[in-house]
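**Student:** Let me begin by handing over the structure; questions about it come next.
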Amino acid sequence: MMYGFAPASLEVPIIHIADEGIQLGASLMEPGGTFINILPFLRYIPAWLPGATAKKTAIRARALTEEVKRVPIDRVRAAMVGNVSRQFF
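For the sequence shown, our numbering gives the first residue as 69, with consecutive numbering after it.
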């Protein structure tokens, strides 16, 4: 349960988004997973540069993380505007 949202199954889109974000982030953080881990100055190259796949992956992982944070908060805001509340305890 998160912000009053209890998914009925694992096929809820937010769970797929969170899973993809975790997989992308984990692939970037594993030792030797990217050249950025070996040569730290590579993190400053622009994402449009050919071969900057790690940078593009990091941008995608960040966007997915922001989406996972935004969706539950938007649900709570909509419930507050509609004056809908749920009993949690």
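Glycine is no exception: its CB is placed at the ideal position from the N, C-alpha and C atoms.
How big is the Cα-Cα spacing for glycine 15 and phenylalanine 103?
**Tutor:** Not covered by the structure: residue 15. The range shown for the chain is 69 to 157.
**Student:** Grab me the residues of glycine 101's own chain with a C-beta within less than 6 Å of its C-beta, minus the 5 sequence neighbours each way, in chain order.
**Tutor:** Excluding sequence neighbours, glycine 101 sits near Ser95.
**Student:** Keeping to the same chain, check which residues put their C-beta closer than 7 Å to that of glycine 89; ignore five residues upstream and five downstream.
**Tutor:** Cβ neighbours of glycine 89 beyond the five flanking positions: Ala129, Leu132, Thr133, Val136.
**Student:** Using C-beta distances below 7 Å, list every residue in its chain close to phenylalanine 73, excluding the 5 sequence neighbours before and after it, in chain order.
**Tutor:** Excluding residues within five positions, the ones whose Cβ falls inside 7 Å are Pro140, Arg143.
**Student:** Since threonine 121 and leucine 92 should fall inside the 8 Å C-beta cutoff, what is the C-beta to C-beta distance between them, to a whole number of angstroms?
**Tutor:** About 11 Å; that fails the 8 Å criterion.
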